[in-house]
Each structure stands twice: as C-alpha cells, then as structure tokens.
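In our numbering, the protein residues as written are 43 to 165.
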C-alpha cells in the first residue's frame with residue numbers, strides 16, 4: 043500500500059499537475075509531473091520550505107471508459123502497488139499523476155512496473 047505521505051488527493055493539486063505539469067506517455071498510461079515551488083512547500087503540512095525534504099506525491103486517474111468500478115479500482119490497486127515498490131524512482135517535491143489507459147488492462151504487474159520505471163527515467 044502507498045503510504046499517506048505519498049498520496050495526491052486534492053482536486054487543486056490534480057488540476058495544477060494537469061495544467062502546469064509535463065506529460066510523458068507510453069502504451070498503458072500517461073504520466074503527468076509537476077514540481078512544487080517554495081510557496082507550495084510551505085503550505086504543505088509539515089513542510090519546511092525549500093530546504094525541507096518533501097516526498098513525492100502520486101495520484102491515479104481511471105476514467106469510466108475503462109469499465110465498471112470494479113475494473114477501475116482493480117487496475118488502480120495494481121498501479122499503486124507498482125508505484126509503492128518503486129518509490130525511490132520518484133523525485134522528492136514533485137507531484138505525479140498516472141492517467142490509466144485501456145491498454146493497461148491487458149498488462150500484467152511486471153509489464154506495468156517495467157513501463158513505470160522506463161517512463162520515470164525519461165523525466
């Protein structure tokens with residue numbers, strides 16, 4: 043399970059990552075990355091400004107095009123587990139959003155992990 047400090051939950055954080063972040067895509071998902079600035083870090087609970095070690099925050103999005111809620115929740119669980127197992131690859135102080143595509147339903151856990159590591163190395 044992904045620890046709470048690594049979770050991206052607020053709508054405004056998702057919106058900022060979509061609007062101001064950079065996107066990279068692969069077959070199974072699109073990854074948005076947005077780095078937080080000093081003023082954002084001070085507002086984060088427990089933040090110490092620019093000098094504080096902030097963790098990366100990760101969010102997941104699966105549209106209704108993927109299928110019913112059971113399918114969407116299952117694939118998000120797989121992505122959460124893959125992200126938690128590779129947490130060291132995420133840059134501290136950045137927000138990440140994985141927008142899951144239909145092709146991800148055909149991938150197994152190993153393929154998702156491999157694609158995740160590959161796309162994170164491109165940032």
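The beta carbon of each residue, even a glycine, is placed where N, CA and C say it ideally should be.
- Here residue 48 has 97, 98, 99, 100, 129 as same chain residues with Cβ atoms under 7 Å from its own Cβ, once five neighbours each way along the sequence are excluded.
- Around the beta carbon of residue 145, a 10 Å sphere encloses fewer than 16 other beta carbons of the protein chains shown; the residue is thus reported as exposed.
- Spatial neighbours of residue 75 in its own chain (CB-CB distance under 6 Å, excluding positions within 5 residues in sequence) are listed in chain order as 63, 64, 136, 138, 165.
- Under the three-state reduction of DSSP, residue 114 is assigned to helix.
- Within its own chain, the residues whose Cβ lies closer than 7 Å to the Cβ of residue 59, once the five positions on either side in sequence are excluded, are 74, 76, 137, 139, listed in chain order.
- Taking C-beta separations shorter than 7 Å and ignoring five residues to either side along the sequence, the partners of residue 44 in its chain run 100, 122, 125, 126, following chain order.
- Residue 132 is classed as buried because its beta carbon has at least 16 other beta carbons within 10 Å across all chains shown.
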